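Remarks on the structure that follows.
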Amino acid sequence: MWRVFCASATGQRNFEHGVAGQDASHYIVTGDVLVAIVCDGAGSVPEGRTGAEFMVRALAENLAHTVHADPSLCEVQAEGRARLEPIIRGAVDAVRTRLADIAASRELAPHDFSCTLVGCVASPGGGCFFQIGDGFAIQQAANGDCALSHPENGEYADETYFVTDENWSEHLRLTPLPAPERGCVIGLLSDGTAPFAVNRARSGFFRPFIDPIAAFLREATETNGNAALRNLLESPRACEISPDDKTLLLAMIL
Amino acid sequence: MNTVIPDVALIDNSDERAPLVLVLDCSGSMQEQNKIQLLNEGLKTLAADLKADPIAARCGRVLVISLGGDSNVEIMGDWTDAMDFTPPELLAGGLTPLGAAMRCALDEVESQKNQMRASGVSYKRPIIMLLSDGESTDDWRQVAAECKSAESAHKVNIMAIGIGDQANKDALGQFSNKGALSLSGLKFKELFIWLSRSIRAVSRAPAGGTVQLNPVDSWAQLST
Numbered sequence: 071m072w073r074v075f076c077a078s079a080t081g082q083r084n085f086e087h088g089v090a091g092q093d094a095s096h097y098i099v100t101g102d103v104l105v106a107i108v109c110d111g112a113g114s115v116p117e118g119r120t121g122a123e124f125m126v127r128a129l130a131e132n133l134a135h136t137v138h139a140d141p142s143l144c145e146v147q148a149e150g151r152a153r154l155e156p157i158i159r160g161a162v163d164a165v166r167t168r169l170a171d172i173a174a175s176r177e178l179a180p181h182d183f184s185c186t187l188v189g190c191v192a193s194p195g196g197g198c199f200f201q202i203g204d205g206f207a208i209q210q211a212a213n214g215d216c217a218l219s220h221p222e223n224g225e226y227a228d229e230t231y232f233v234t235d236e237n238w239s240e241h242l243r244l245t246p247l248p249a250p251e252r253g254c255v256i257g258l259l260s261d262g263t264a265p266f267a268v269n270r271a272r273s274g275f276f277r278p279f280i281d282p283i284a285a286f287l288r289e290a291t292e293t294n295g296n297a298a299l300r301n302l303l304e305s306p307r308a309c310e311i312s313p314d315d316k317t318l319l320l321a322m323i324l
Numbered sequence: 005m006n007t008v009i010p011d012v013a014l015i016d017n018s019d020e021r022a023p024l025v026l027v028l029d030c031s032g033s034m035q036e037q038n039k040i041q042l043l044n045e046g047l048k049t050l051a052a053d054l055k056a057d058p059i060a061a062r063c064g065r066v067l068v069i070s071l072g073g074d075s076n077v078e079i080m081g082d083w084t085d086a087m088d089f090t091p092p093e094l095l096a097g098g099l100t101p102l103g104a105a106m107r108c109a110l111d112e113v114e115s116q117k118n119q120m121r122a123s124g125v126s127y128k129r130p131i132i133m134l135l136s137d138g139e140s141t142d143d144w145r146q147v148a149a150e151c152k153s154a155e156s157a158h159k160v161n162i163m164a165i166g167i168g169d170q171a172n173k174d175a176l177g178q179f180s181n182k183g184a185l186s187l188s189g190l191k192f193k194e195l196f197i198w199l200s201r202s203i204r205a206v207s208r209a210p211a212g213g214t215v216q217l218n219p220v221d222s223w224a225q226l227s228t
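Sequence order for the protein chains is A and B. Taking the numbering used here, the leading residue of the first sequence gets 71, the next gets one more, and so forth. Taking the numbering used here, the leading residue of the second sequence gets 5, the next gets one more, and so forth.
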């Protein structure tokens, strides 16, 4: 039931310095459940990209394994709390521990692998966004209503929080999701994509941006759609707006 | 295979601001050696160089505070986006109330931050640049201490710069944890180009990163 498209573009800033992009993304569809994650490695640490790549895969696999065993976990309870909350918290904790072991084996600190985290578990019964640091997660219903997970920055926009931080647990934010219906669009965005993908009020997608994309992707093959998304993120206009690495993961129910 | 998505609007909705306050000494001594004129030209260079860069023009937000006259501190117009910044024409004359001017700058930074926060606009750490060719004529020590603690609390970045030999660099240095720098040979133009490039760098800084500013050797006298 899920169709998922994803693309990343290396920001001009990294490109000019011959550095690979620091964003990573991964998704797994198991049965009716989608697990998708985008991480943005910190440019200021040596292994931000490694941290982001490890985190997206390891965390997606961990969560997919759990929800595959019991898809009913995705349902949102009557009081609006996601049953997934303790599961997501536990999964992030477990993957952080594995990342700390990798860091130690290379005589580095977890901080050297700093990355942000934004992800979703979504199923026909509902789901949950989870986020540490910046970026956005948006579920836009067919009627335009949006559920959002916002970025959390420090006092200034250039300061954020990382999954590798000691106090990650205080900054892990969970947003229960209503059951997605046909025509809904779920988006995970790294920080670099947000300036043009999110509207000025920060209450949802910028519709003149997302609507033409969603219409195009509904008719596209996976390869074609991913290539078109990458073209868009690499376009001169997108680079002019944001010099950061840009990732956009879009999931739709057809 | 068609890989161009038609009709997608790509517009910057983020408006992430990089505030800059210029605290400029316009006391009587600035008339000497044509300094006030060089300062005015420097401001024009700053305005032009910020506007020449699309990101800095959109993100930079500038306020000019002048000090001089009969112990006057004057806010020269409102906060303006760099793309709309027209420098005031500064005149020299009078005293050097550095303390009152820096107090005004700290207050302006805080109220501007509150305004931006209330309207959901995110911002980078504001920069206050203090330029003086003399010695404060008011009670400045308490304000200088507040400047340092505001800096330590990451509320603001302060650059204190002395112009010429008569600038009391020790006193100016009390306004910032980084001390004061000296402007070499009245290189106002180089200074303001450097400042513009710094705002460009701050405007482009990625989330979570630190900003590496250009070296100051184009305008600063590094050994005194």
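The C-beta atom is built at its ideal place from N, Cα and C for all residues, glycine as well. Predicted, not measured: the structure shown is a model, and the values here were computed from it.
query, result
"Which residues DSSP lists as bridging residue 104/A, in chain order", "99/A, 192/A"
"Backbone secondary structure at residue 228/B - three-state DSSP", "Bear in mind that a pLDDT of 44 at residue 228/B, under 50, signals an unreliable position, so the number given afterwards is only what the model happens to contain. Residue 228/B: coil per DSSP, three-state reduction."
"Any C-beta of chain B under 8 Å from that of residue 237/A", "no"
"Start and end residues, beta strand (DSSP E) containing residue 163/A", "Per DSSP, residue 163/A belongs to no beta strand (DSSP E); it is in the alpha helix (DSSP H), 155–175."
"Local conformation of residue 95/B per DSSP, three classes", "coil"
"Amino acids of chain A, ordered along the chain, whose beta-carbon sits closer than 7 Å to that of residue 18/B", "264, 265"
"Chain B residues whose Cβ lies nearer than 9 Å to that of residue 268/A", "17, 18"
"Distance between residue 194/A and residue 317/A (C-alpha atoms, nearest Å)", "25 Å"
"C-alpha gap between residue 63/B and residue 139/A, whole angstroms", "49 Å"
"Cβ contact check for the segment 267–287 of chain A and the segment 11–31 of chain B: 3 or more pairs under 8 Å", "yes"
"Test: residue 212/B CB closer than 8 Å to a CB of chain A", "Because residue 212/B carries a pLDDT of 47, less than 50, the predicted location of this residue cannot be relied on, and the following value inherits that uncertainty. Chain A, which has a Cβ nearer than 8 Å to the Cβ of residue 212/B, makes this yes."
"Same chain only: Cβ atoms within 8 Å of residue 48/B, ignoring 5 sequence neighbours per side", "91"
"From 183/B, 150/B, 146/B, residue whose alpha carbon lies closest to that of residue 240/B", "With chain B running from 5 to 228 in the structure shown, residue 240/B is simply not present."
"Rounded C-alpha distance that separates residue 87/A from residue 81/A", "10 Å"
"Partners in chain B for residue 286/A, counting only beta-carbon separations shorter than 8 Å", "9, 10"
"Cutoff 8 Å; reference residue 59/B; Cβ partners in own chain excluding five residues on either side", "204, 207, 208"
"Below-8 Å beta-carbon distance, residue 132/A vs any chain B residue", "no"
"Nearest neighbour of residue 172/A, chosen from 125/A, 288/A, 189/A, 143/A [CA to CA]", "125/A"
"Alpha-carbon spacing of residue 232/B relative to residue 93/A, whole angstroms", "Past the edges of chain B, shown from 5 to 228, lies residue 232/B, and the structure says nothing about it."
"Alpha-carbon to alpha-carbon, residue 97/B and residue 304/A", "53 Å"
"Short-range partners of chain C found in the segment 214–234 of chain A, where Cβ spacing is below 9 Å", "Checking the listed chains, one finds no chain C in this structure; the protein chains it contains are A and B."
"Rounded straight-line distance, which links the Cα of residue 131/A to that of residue 273/A", "30 Å"
"Listed by chain order, chain B residues near residue 279/A by CB distance under 8 Å", "12, 13, 14, 15"
"Alpha-carbon spacing of residue 161/A relative to residue 108/A, whole angstroms", "15 Å"
"Positions along the segment 82–106 of chain A whose CB lies within less than 7 Å of some CB in chain B", "83"
"Helix, strand or coil at residue 326/A [DSSP, three-state]", "Because chain A here runs from 71 to 324, residue 326/A falls outside it and cannot be looked at."
"Chain-ordered residues of the segment 45–64 of chain B with a beta carbon less than 9 Å from chain A", "58, 59"
"Option nearest residue 260/A by Cα separation, candidates 321/A, 111/A, 105/A", "111/A"
"Residue-level contact to chain B via CB, residue 212/A, 8 Å cutoff", "no"
"Residues near residue 94/B in its chain [Cβ-Cβ closer than 7 Å; skip 5 each side]", "28, 30, 40, 43, 44, 70"
"Burial state of residue 295/A (16 or more Cβ within 10 Å)", "buried"
"Cβ contact (3+ pairs, closer than 8 Å) linking the segment 243–255 of chain A and the segment 307–317 of chain A", "no"
"Interface positions of the segment 300–324 of chain A facing chain B (Cβ-Cβ less than 9 Å), listed along the chain", "300, 301, 302, 305, 307, 308, 310, 311, 312, 313, 314, 315"
"Near the ligand MN: residue 119/A beta-carbon under 7 Å from a heavy atom", "No copy of the ligand MN occurs in the structure displayed, which carries no ligand at all."
"Proximal residues to residue 127/A (C-beta, below 6 Å), its chain only, five neighbours per side dropped", "96"
"Near-chain A residues of the segment 106–139 of chain B (beta-carbon distance less than 7 Å), N- to C-terminal order", "124, 126, 127, 128, 129"
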